[in-house]
Amino acid sequence: MEGIGVAANLVAVVDITAKIAAQCYDYAKKVYSAKADIDRVQKEIIALTGIAKSVQGLLSGPNGDRLATSHPLQTAIGDALDLLRTVDEKMALKKGQKTMSRLGLRALKWPFKKSEIKVIIGDLRNCGQNINSALQMLGASFFFKTGEAERSTLSRFFSTIAADMVIKIPEFGTAVKEALDKDADFRRRAPGQ
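Counting from 1, position 18 in the sequence shown corresponds to residue 6 in my numbering; the numbering is continuous, with no gaps.
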């Protein structure tokens, strides 16, 4: 059931970030004095949208069930959603502003002060970093769980490193081949042997 909550919150994050980005665009067209602040907020909103969409993609992958039940990820996404709702509420046009704009008067005002913008941008960045940190912790736990059977002997450590070296730096291929020719047990050797 928790997985459904994470997925629903991610959908809400993507939806609300799209709404806020559109509102930023509208404000940028109508409020000239705050263009730099609007652009900064919009940039952070777009970055958070990208992170949320990436997590959505991961949820639909093979480890999506395990990912969706991560408490740190749930908390990070919930915090992001709360912040975005607060920003959205403050950005929503008031009834008086809508009426004034219908009359052709430029009464629209950017709803944030400079000091608030700094806090909002910092909070948006923190939300993105918290989501990324939760994903990194999950990635590390998946990595170590996958290798649990081999952990006691680390029997594939050297062969994995050697194979990766040859793939990344092909010039090492001949040296690795020579080492394998000299010592056939190299593949099964653990560190310290």
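For glycine and all other residues, C-beta sits at the position ideal for the given N, C-alpha and C.
For the putative contact between residue i and residue j, defined by C-beta atoms under 8 Å, what is the C-beta separation to the nearest angstrom?
i      : j      : result
ILE33  : LEU112 : 7 Å
ILE157 : ASP76  : Actually they are not in contact, since the Cβ atoms of ILE157 and ASP76 sit about 49 Å apart, beyond 8 Å.
CYS12  : LEU71  : With 8 Å as the limit, CYS12 and LEU71 do not qualify as a contact, their Cβ atoms being about 15 Å apart.
What would DSSP say about residue i, mapped onto helix, strand or coil?
i      : result
ALA80  : coil
ASN51  : coil
ASP171 : coil
PRO60  : helix
ILE33  : helix
ALA96  : Ala is not the amino acid found at residue 96; the sequence shown has Leu there. DSSP places LEU96 in coil when its eight states are reduced to three.
VAL19  : coil
LYS101 : coil
ILE157 : coil
Does the Cβ-Cβ distance between residue i and residue j come in under 8 Å?
i     : j      : result
LEU69 : ALA56  : no
LEU36 : LEU126 : no
VAL29 : ILE155 : no
Might you give, ordered along the chain, the residues of its own chain that have their beta carbon closer than 8 Å to the beta carbon of residue i, omitting 5 neighbours on each side?
i     : result
TYR15 : ALA22, ILE26, MET79, LEU96, TRP98
ILE65 : VAL(-6), ASN(-3), LEU(-2), VAL1, ALA40, VAL43, ILE119
Within its chain, find whatever has a CB closer than 6 Å to the CB of residue i; leave out the 5 residues flanking it on each side and keep chain order.
i     : result
LYS83 : Residue confidence for LYS83 is low, a pLDDT of 48 falling below 50, so the modelled location carries little weight and cannot support an answer.
Quick one: what's got a C-beta closer than 7 Å to residue i's C-beta in the same chain, skipping five residues either side?
i      : result
SER58  : ALA122, LEU126
PHE160 : MET153, VAL154
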